[in-house]
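A.B. asks:
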Amino acid sequence: EQLRAFAADELDVLFNGTREKWERDVIVEHLKFDHGYTRSSRAVGLLLEILCAFDDATLSQFLKFVTGSPRLPVGGLARLSPRLTIVLKRPENGVSPDAYLPSVMTCANYLKLPDYSSKAIMRERLMTSIFEGQGAFLLS
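Following UniProt numbering, the numbering of the sequence shown begins with 1 at its first residue and continues without gaps.
What follows is the structure, encoded as structure tokens:
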């Protein structure tokens with residue numbers, strides 16, 4: 001009865017969080033870069049280009065991969081807590097970063113991203129992780 005005061009789209013936001021189109025200048029303000037990356041790192045620039053080009057469905061899957069939830073909280077990326085953090089995933093024993101997939105710590109909204117040699121490789125590795133790694137739980 002009392003929910004009738006809300007429009008359907010308002011209820012959707014209240015119960016399911018927000019959907020917002022990500023724009024580079026906006027999202028960079030709400031991300032944290034650490035342990036090898038800064039906002040001016042080449043790999044960070046490539047990641048931002050890739051994220052901003054995602055359609056709604058892919059962005060939703062990326063959010064689920066990184067945070068465990070397919071949607072942002074009410075208030076969007078600015079309200080995500082803890083803040084989405086991008087860190088450098090360093091290869092071991094001289095192996096190329098291109099050989100690694102990104103990994104995450106969903107409880108901390110933490111993306112461990114190798115310094116890939118190209119945007120195409122980064123996008124392909126992200127897509128593999130996003131769509132094939134959803135059900136995996138590994139300790140790294």
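The beta-carbon is built from N, C-alpha and C at its ideal position, and this holds for glycine as well.
Predicted model only: the values in this text are computed from it and were never measured.
#1: Leaving out five residues before and five after Ile-86 in sequence, what residues of the same chain have Cβ atoms less than 8 Å from its Cβ?
#2: Please say whether Pro-73 and Arg-79 have beta carbons closer to each other than 7 Å?
#3: Quick one: residues in its chain with C-beta nearer than 8 Å to the C-beta of Ile-50, no 5 flanking neighbours on either side, listed in chain order?
#4: Apart from the five residues just before and just after Gly-75, which ones in its own chain have a Cβ nearer than 6 Å to its Cβ?
#5: For Thr-85, does the three-state DSSP call read helix, strand or coil?
#6: Taking the straight line between their C-alpha atoms, what separation do you get for residue 172 and Asn-109?
C.D. replies: Answer, in terms of the structure:
#1: Take Ile-86, set aside five residues on each side of it, and the residues of its chain with a beta-carbon closer than 8 Å to its own are Leu-31, Lys-32, Phe-33, Asp-34, Tyr-37, Val-44, Leu-47, Leu-111, Leu-113, in chain order.
#2: Yes; because the gap between Cβ atoms is below 7 Å, this pair is in contact.
#3: In its chain, beyond the 5 residues on either side, Lys-119, Met-122, Arg-123, Leu-126 have a beta carbon closer than 8 Å to the beta carbon of Ile-50.
#4: In its own chain, leaving out the 5 sequence neighbours on each side, no residue places its CB closer than 6 Å to the CB of Gly-75.
#5: Strand, per DSSP.
#6: For the chain, the structure presents residues 1 to 140; residue 172 sits outside this window and is missing.
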